[in-house]
Amino acid sequence: MHIDQWLEAIPPLLVYISVGLVIGLESLGIPLPGEIVLVSAALLASSHPALNPWLVGIVGSAGAIIGDSTGYLIGRKGGQRLFDWAGRRFPKHFGPAHVENAERIFAKRGVWAVFFGRFVAILRILCGPLAGSLHMHYWKFLAANALGGIVWAGGTTALVYSLGIVAEQWLSRFSYIALGVAILAGVVISFVIKRRMGRHQAEETGSPERARAERL
Numbered sequence: 013m014h015i016d017q018w019l020e021a022i023p024p025l026l027v028y029i030s031v032g033l034v035i036g037l038e039s040l041g042i043p044l045p046g047e048i049v050l051v052s053a054a055l056l057a058s059s060h061p062a063l064n065p066w067l068v069g070i071v072g073s074a075g076a077i078i079g080d081s082t083g084y085l086i087g088r089k090g091g092q093r094l095f096d097w098a099g100r101r102f103p104k105h106f107g108p109a110h111v112e113n114a115e116r117i118f119a120k121r122g123v124w125a126v127f128f129g130r131f132v133a134i135l136r137i138l139c140g141p142l143a144g145s146l147h148m149h150y151w152k153f154l155a156a157n158a159l160g161g162i163v164w165a166g167g168t169t170a171l172v173y174s175l176g177i178v179a180e181q182w183l184s185r186f187s188y189i190a191l192g193v194a195i196l197a198g199v200v201i202s203f204v205i206k207r208r209m210g211r212h213q214a215e216e217t218g219s220p221e222r223a224r225a226e227r228l
């Protein structure tokens, strides 16, 4: 079976469920590749006639909002015990340094940290539980969470879907190349954004060496 036929054979409902479920669980606080699933679904929509990119964006937004809200409630009840347990189970994602840096950002930025946290991998996972454990006002959290989820999921879907359409139009005779170009562009864009956000976070929090030097 040709790759185009194989892709078209994927049930759209399965794609929608996968996007909503993975993004929802990631937003809940479980380290899953929500961004990769969203990008893959948007790319698939650019070549799958039965897959609606609007529904991909809507389902992704709903998963982000519901997952973050559930994570908020868990963080509100579990608090520090939750992060201690998660740090032991997932030290690369919930280690003490990760949580401390996220707490500094939340304390300084408030609801803006919730909005922009949707665009940063580690904050995307910690956002809901951390906001709950810090007793952020729920309705302020919900407003920032909903807006961030819609902009992130909708914007990512629109951007990647457009890249897929353009690549397919220009390289219609080389579908493999078109798919590769679109994937490469998505990876490069994600890498640049994460690198810039990481540098910005490092400047805000400061390294331990810098903090010691300032004290001296």
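At position 130 of the sequence shown (counting the first as 1) the number is 142 in the numbering used here, and the numbers step up by one without a gap. Don't be surprised by glycine CBs; every beta carbon is placed ideally from N, CA and C. Computed from a predicted structure; not experimentally measured.
Extent of the continuous alpha helix (DSSP H) to which residue i belongs
i      : result
Ala76  : 65–90
Phe127 : 123–129
Ser52  : 46–57
Residue i and residue j closer than 8 Å at C-beta
i      : j      : result
Leu37  : Leu26  : no
Ala76  : Arg121 : no
Gly144 : Ile86  : yes
Ser81  : Asn157 : yes
Gly41  : Gly161 : no
Phe279 : Leu142 : This structure cannot settle anything about residue 279, because the visible part of the chain is limited to 13 through 228.
Gly166 : Leu55  : no
Where residue i falls: helix, strand or coil (DSSP)
i      : result
Val31  : helix
Gly144 : helix
Val163 : helix
Leu183 : At Leu183 the pLDDT is 48, less than 50, meaning the model places this residue with poor confidence and gives no usable figure here.
Gly36  : helix
Gly41  : coil
Ile22  : coil
Val172 : helix
Ala62  : coil
Rounded Cβ spacing between residue i and residue j (contact assumed at less than 8 Å)
i      : j     : result
Tyr173 : Ser52 : About 12 Å; that fails the 8 Å criterion.
Thr169 : Pro65 : 6 Å
Arg136 : Ser30 : Contact flag wrong, Cβ pair sits at about 17 Å.
Residue i Cβ short of 7 Å to the ligand MG heavy atom set
i      : result
Phe131 : Of ligands this structure carries none, so the ligand MG is not represented either.
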